[in-house]
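K.L.:
Can you keep this structure in mind? I'll have questions shortly.
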Amino acid sequence: MVKIKIEKVTQDNETNKKEEPAKNYDETYQKLNKEIASDDKISISGQPVLNVGIVGHIDHGKTTLLHRLTGIWADKHSEELKRGITIKLGYADLIIRKCSCGKFTINQDCSVCGCKTKEIKQISFVDAPGHEMLMATMLGGAAIIDAALLVISAHEPFPKPQTKEHFLALQVRGIKNIIIVQNKVDLVTKEQAIEQFKKIKEFVKDTFAENVEIIPICAQQGANMDELLCSLNKLPAQQRDTTSKPVFLIARTFDINKPGTKVANLHGGVLGGTLKKGKLKIGDIIEIKPGIEIKKHNQTIFKPVETKIIGLVAGGKKLNEIIPSGLIAIETSLDPVMTKSDALAGCLAGLKGTIPEITTKIKMKPYLFKEISLNEKEKPVAIEPLKTNEYLLMSVNTTTTVGLITSARKDIAELNLKIPIVPNIGDRIGIARNYSGHWRLIGWAELIA
Ligand SMILES: Nc1nc2c(ncn2[C@@H]2O[C@H](COP(=O)(O)OP(=O)(O)OP(=O)(O)O)[C@@H](O)[C@H]2O)c(=O)[nH]1
Ligand SMILES: [Mg+2]
Ligand SMILES: [Zn+2]
Numbered sequence: 008m009v010k011i012k013i014e015k016v017t018q019d020n021e022t023n024k025k026e027e028p029a030k031n032y033d034e035t036y037q038k039l040n041k042e043i044a045s046d047d048k049i050s051i052s053g054q055p056v057l058n059v060g061i062v063g064h065i066d067h068g069k070t071t072l073l074h075r076l077t078g079i080w081a082d083k084h085s086e087e088l089k090r091g092i093t094i095k096l097g098y099a100d101l102i103i104r105k106c107s108c109g110k111f112t113i114n115q116d117c118s119v120c121g122c123k124t125k126e127i128k129q130i131s132f133v134d135a136p137g138h139e140m141l142m143a144t145m146l147g148g149a150a151i152i153d154a155a156l157l158v159i160s161a162h163e164p165f166p167k168p169q170t171k172e173h174f175l176a177l178q179v180r181g182i183k184n185i186i187i188v189q190n191k192v193d194l195v196t197k198e199q200a201i202e203q204f205k206k207i208k209e210f211v212k213d214t215f216a217e218n219v220e221i222i223p224i225c226a227q228q229g230a231n232m233d234e235l236l237c238s239l240n241k242l243p244a245q246q247r248d249t250t251s252k253p254v255f256l257i258a259r260t261f262d263i264n265k266p267g268t269k270v271a272n273l274h275g276g277v278l279g280g281t282l283k284k285g286k287l288k289i290g291d292i293i294e295i296k297p298g299i300e301i302k303k304h305n306q307t308i309f310k311p312v313e314t315k316i317i318g319l320v321a322g323g324k325k326l327n328e329i330i331p332s333g334l335i336a337i338e339t340s341l342d343p344v345m346t347k348s349d350a351l352a353g354c355l356a357g358l359k360g361t362i363p364e365i366t367t368k369i370k371m372k373p374y375l376f377k378e379i380s381l382n383e384k385e386k387p388v389a390i391e392p393l394k395t396n397e398y399l400l401m402s403v404n405t406t407t408t409v410g411l412i413t414s415a416r417k418d419i420a421e422l423n424l425k426i427p428i429v430p431n432i433g434d435r436i437g438i439a440r441n442y443s444g445h446w447r448l449i450g451w452a453e454l455i456a
C-alpha cells in the first residue's frame, strides 16, 4: 500500500507553487501497483544482506535519495562537488527499522506512535553515475549489486536515454529485483505523475520488470520514504554460496590514511567491493589479479599482487570472517600507495593460487539488442552485427577494458583486449559500441574461452 506522509518539509519557493508533494497518491497508486509478498524474516547479522544499486538518468536524484535514506552524501570528490554530478561509484549502508504499529522508518523512535522501532534489515547501496559518458562505471557498479532502485524524475519527459540504458544494463547483468521510484513529484501535479506512471508501466510491459513496484517519492523532502523502505524490505537477500573458492570483486580501492599520519598508525591499503562466493577471514593470504599496472618501455604489463587480510569491515562493523553479503571493505597489509585512488579497482581477489591466469585473448558468444536510440528525437536504429576490426568497450565483472575483434562469426567473436581480464567461463560481459564518440550499450556476451 502506498501512503504518503511528508516528513521534514522544507519551505522551498519552487515546491510551494505546486500541489503538496505526493499528496493523495495513496489509493491511486495502491490500485496501480501490485502487492508483492512480504519478506520480514531476514535477521540482522554482522553483514548487510544485499547490495542495491541506485541507477538512472543524470540529475534524476539518485545521490539525493541515498542521502535521504542513509544520511551519507556519496559524492565526495572535489570534481563531483564542483560539477554537482556523481563520477565514481558511491557507497552507503542503511538499516531498515520497523515499528510494532507497522511503520517502516530509519529512526529509532516511531513518528506515528512514539514507540521504539526494531532493526529488521541491513542493506548496502551502490550509487551509480547517470552521465552518459560514465556508462562503463555504471556497468562496473552493476556487477556488484543484487537488486536496483531505478530513479526516474517525474519532472522530465519519459524515457530519458540513460533511464533506458541503465534499465538495459540491469538486464545485461541479470538483475531482476528492481524497484522504480518516480522522484521529484513535488515539481509536478498528481495527474502528470500518473501520466508518467502509465508510460513507465508500458515501458516495462513484456520485460523482466513487468510487475515492478513504482513508488512516487520526493527525495529532497523525504516524502514517502516509509513506502520505499517497505519495498526495499521485500527484496530477497543475496544468494549465498559459501562453499566455493572465494571470489572478491574489487570496485574501489583506497588509502584511508589522513595526510601526516605517523608510520606506526598507518592503515594498510583498503579494497572495497563484494564477495561473490566463498568465505574470507583475517589472516588469509590473497592474490589480486590482474594487479598493478606497470609501464615498461612502450609496453604496459600487469603484475598480480599478493597480500594478507588484516581487517574486515561490513555494515560499519569489524568482522573476523565474511560471507557473500553486502559491501565489504578489506584492509590489507599492502602499502596504501598501491591502493590509492582506485589503483586496483576492477581487479579480482581470491585465496593465493586459486584465481585463473589473466588473459588478453577471449572468445565470446554475443547477444545483441535489436535496436538502439542514439538520441531522444530520432527513431531508434537497428544494431548491426559485430564486425572484424571493430573496437568494443567491455565490462567484465568490475573490470572495464577495450577489445579489438579479430574474428566475428555469426555466433562467436574473438577479441584481443587492451586490459587483461581474469577469465571465468560463463561470465556475462556487457558490450558497448562507439557511436560518434560515445560508448553505448548494445548487448551482452557470454565468455566461452
Ligand atoms: N525538486 C526536487 N529536486 C530534487 C529532488 N531530488 C533531487 N533533486 C535535485 O536534483 C538535482 C540532482 O540531484 P542528484 O541527487 O545529484 O542527482 P543524481 O541522479 O545523483 O545525478 P548524477 O549522479 O550526476 O547522475 C539536485 O539539485 C537535487 O537537489 C526532489 O525530490 N525534488
Ligand atoms: Mg549522483
Ligand atoms: Zn509506530
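Once you know that position 430 of the sequence shown is 437 in the numbering used here, the rest is easy, because the numbers rise by one and skip nothing. Idealized CB from N, CA, C, for every residue including glycine. Values in this document were obtained by computation on a predicted structure and should not be read as measured data.
1. Give, in chain order, every unbroken run of the beta strand (DSSP E) that is at least 3 residues long and sits entirely within the stretch 307-343.
2. Ligand 3 heavy atoms versus the CB of Ser107: any closer than 8 Å?
3. State buried or exposed for Gln306, treating a residue as buried only when at least 16 other CB atoms are found within 10 Å of its CB.
4. Measuring alpha carbon to alpha carbon, tell me which of Lys252, Val344, Lys191 and Gln227 ends up nearest Asn264.
5. Enumerate in chain order the residues of its own chain whose CB-to-CB distance from Pro166 is below 7 Å, with the five nearest sequence positions on each side excluded.
6. Which value, in whole angstroms, describes the spacing of the CA atoms of Glu126 and Ile102?
7. Rounded to whole angstroms, what's the CA-CA distance from Asn58 to Ala135? Just pull it up for me.
8. Hey, is Lys110 close to ligand 3, as in C-beta under 8 Å from one of its heavy atoms?
9. Rounded to a whole number of angstroms, what is the C-alpha to C-alpha distance between Asn240 and Gly78?
10. Does Gly109 pass the burial test, meaning 16 or more other C-beta atoms within 10 Å, or should it be called exposed?
11. In the DSSP output, which residue or residues are listed as bridge partners for Gly109?
12. Using CA atoms only, rank isn't needed, just tell me which of Ser402, Thr407, Lys417 and Gly147 is closest to Lys394.
13. Are Arg247 and Pro331 touching if we call contact CB-CB under 9 Å?
14. Where DSSP assigns a beta bridge to Thr70, which residues make up the other side?
15. What residues in its chain sit with their C-beta under 7 Å from that of Lys284, if we drop five residues either side in the sequence?
16. From Arg90 to Thr70, what distance separates their C-alpha atoms?
17. Which whole-angstrom value is the C-beta distance of Ile185 and Ala216, which I expect to be below 8 Å?
18. Sorted by chain position, which residues of the same chain lie with C-beta nearer than 6 Å to Ile341's C-beta, five sequence neighbours on each side aside?
19. Check this for me: beta carbons of Pro297 and Ile365, under 9 Å apart or not?
20. Check whether the Cβ of Thr196 sits closer than 8 Å to any heavy atom of ligand 5, and report yes or no.
21. Beta-carbon within less than 6 Å of His64's beta-carbon, same chain only, minus the 5 sequence neighbours each way: which residues are those?
22. Kindly provide the chain-ordered list of residues whose Cβ lies closer than 5 Å to any non-hydrogen atom of ligand 2.
23. Closer than 6 Å by C-beta to Tyr442: which residues in its own chain qualify, once you throw out the five before and the five after it? Chain order, please.
24. Starting from Arg447, trace the beta strand (DSSP E) both ways and give me its first and last residue.
25. Looking at Tyr374 and Ala452, is the spacing between their C-beta atoms short of 9 Å?
26. Would you identify the three-state DSSP class for Pro266, choosing helix, strand or coil?
27. Taking the beta strand (DSSP E) that Ser85 falls in, what are its first and last residues?
P.N.:
Once the coordinates are examined:
1. 324-326 and 335-339
2. Numbered from its first residue, the sequence shown carries residue 107 at position 100. Under cutoff, so the answer is yes.
3. Taking the first residue of the sequence shown as 1, we reach residue 306 at position 299. Flag for Gln306 reads exposed.
4. Numbered from 1 along the sequence shown, position 257 holds the residue referred to as residue 264. Of Lys252, Val344, Lys191 and Gln227, the residue nearest in Cα terms is Val344.
5. On the sequence shown, residue 166 is found 159 positions in, with the first residue counted as 1. Contacts found: Phe210.
6. Locating residue 126 in the sequence shown gives position 119, counting from the first residue. Locating residue 102 in the sequence shown gives position 95, counting from the first residue. Taking the straight line joining both Cα atoms gives about 6 Å.
7. Taking the first residue of the sequence shown as 1, we reach residue 58 at position 51. Taking the first residue of the sequence shown as 1, we reach residue 135 at position 128. Answer to the nearest angstrom: the Cα atoms are 12 Å apart.
8. Taking the first residue of the sequence shown as position 1, residue 110 is located at position 103. Yes, the Cβ of Lys110 comes within 8 Å of a heavy atom of ligand 3.
9. Walking along the sequence shown from the start, residue 240 turns up at place 233. Walking along the sequence shown from the start, residue 78 turns up at place 71. The alpha-carbon atoms of Asn240 and Gly78 are separated by roughly 18 Å.
10. Here residue 109 is taken as the residue at index 102 of the sequence shown, counted from 1. That one is exposed.
11. Walking along the sequence shown from the start, residue 109 turns up at place 102. According to DSSP, Gly109 bridges with nothing at all.
12. Numbered from its first residue, the sequence shown carries residue 394 at position 387. Relative to the Cα of Lys394, the nearest Cα in the group Ser402, Thr407, Lys417 and Gly147 belongs to Lys417.
13. To locate residue 247, count along the sequence shown from 1; it is residue 240. To locate residue 331, count along the sequence shown from 1; it is residue 324. Yes. Within cutoff.
14. Indexing the sequence shown from 1 puts residue 70 at position 63. Answer is none; Thr70 lacks a bridge partner.
15. The residue you call residue 284 lines up with position 277 of the sequence shown. For Lys284, where only same-chain residues beyond five positions count, the Cβ hits under 7 Å are Asp248, Ser251, Pro253, Val254 and Pro331.
16. Against the sequence shown, residue 90 aligns to sequence position 83. Against the sequence shown, residue 70 aligns to sequence position 63. The alpha-carbon atoms of Arg90 and Thr70 are separated by roughly 13 Å.
17. Counted from its first residue, the sequence shown places residue 185 at position 178. Counted from its first residue, the sequence shown places residue 216 at position 209. Their Cβ separation, rounded to whole angstroms, is 6 Å, which keeps Ile185 and Ala216 in contact under 8 Å.
18. Translated into the one-based positions of the sequence shown, residue 341 becomes position 334. Checking the sequence, you will find Leu at residue 341 rather than Ile. Only residues of its own chain outside the window of five on either side were considered, and among them Gly275, Gly276 and Thr314 have a CB closer than 6 Å to the CB of Leu341, listed in chain order.
19. The sequence position of residue 297 within the sequence shown is 290, counting from 1. The sequence position of residue 365 within the sequence shown is 358, counting from 1. Yes, Cβ-Cβ distance for Pro297 and Ile365 is below 9 Å.
20. You won't find ligand 5 in this model; what it holds is ligand 1, ligand 2 and ligand 3.
21. For the purposes of this step, residue 64 is identified with residue 57 of the sequence shown, where counting begins at 1. Excluding residues within five positions, the ones whose Cβ falls inside 6 Å are Gly137, Lys167, Gln169 and Thr170.
22. The answer, residue by residue, is Lys69, Thr70 and Thr93.
23. Looking up residue 442 in the sequence shown gives position 435. Counting only Cβ-Cβ distances below 6 Å, and skipping sequence neighbours, we find Leu381.
24. In the sequence shown, counting from the first residue as 1, residue 447 sits at position 440. Residues His445 to Leu454.
25. Against the sequence shown, residue 452 aligns to sequence position 445. Against the sequence shown, residue 374 aligns to sequence position 367. In contact: Ala452 and Tyr374 (Cβ atoms closer than 9 Å).
26. In the sequence shown, residue 266 corresponds to position 259, counting from 1. In the structure shown, Pro266 sits in coil (DSSP, three-state: anything other than H, G, I, E or B).
27. Taking the sequence shown and counting its residues from 1, the one referred to as residue 85 is at position 78. From DSSP, Ser85 is part of no beta strand (DSSP E) but of the alpha helix (DSSP H) over Ser85 to Arg90.
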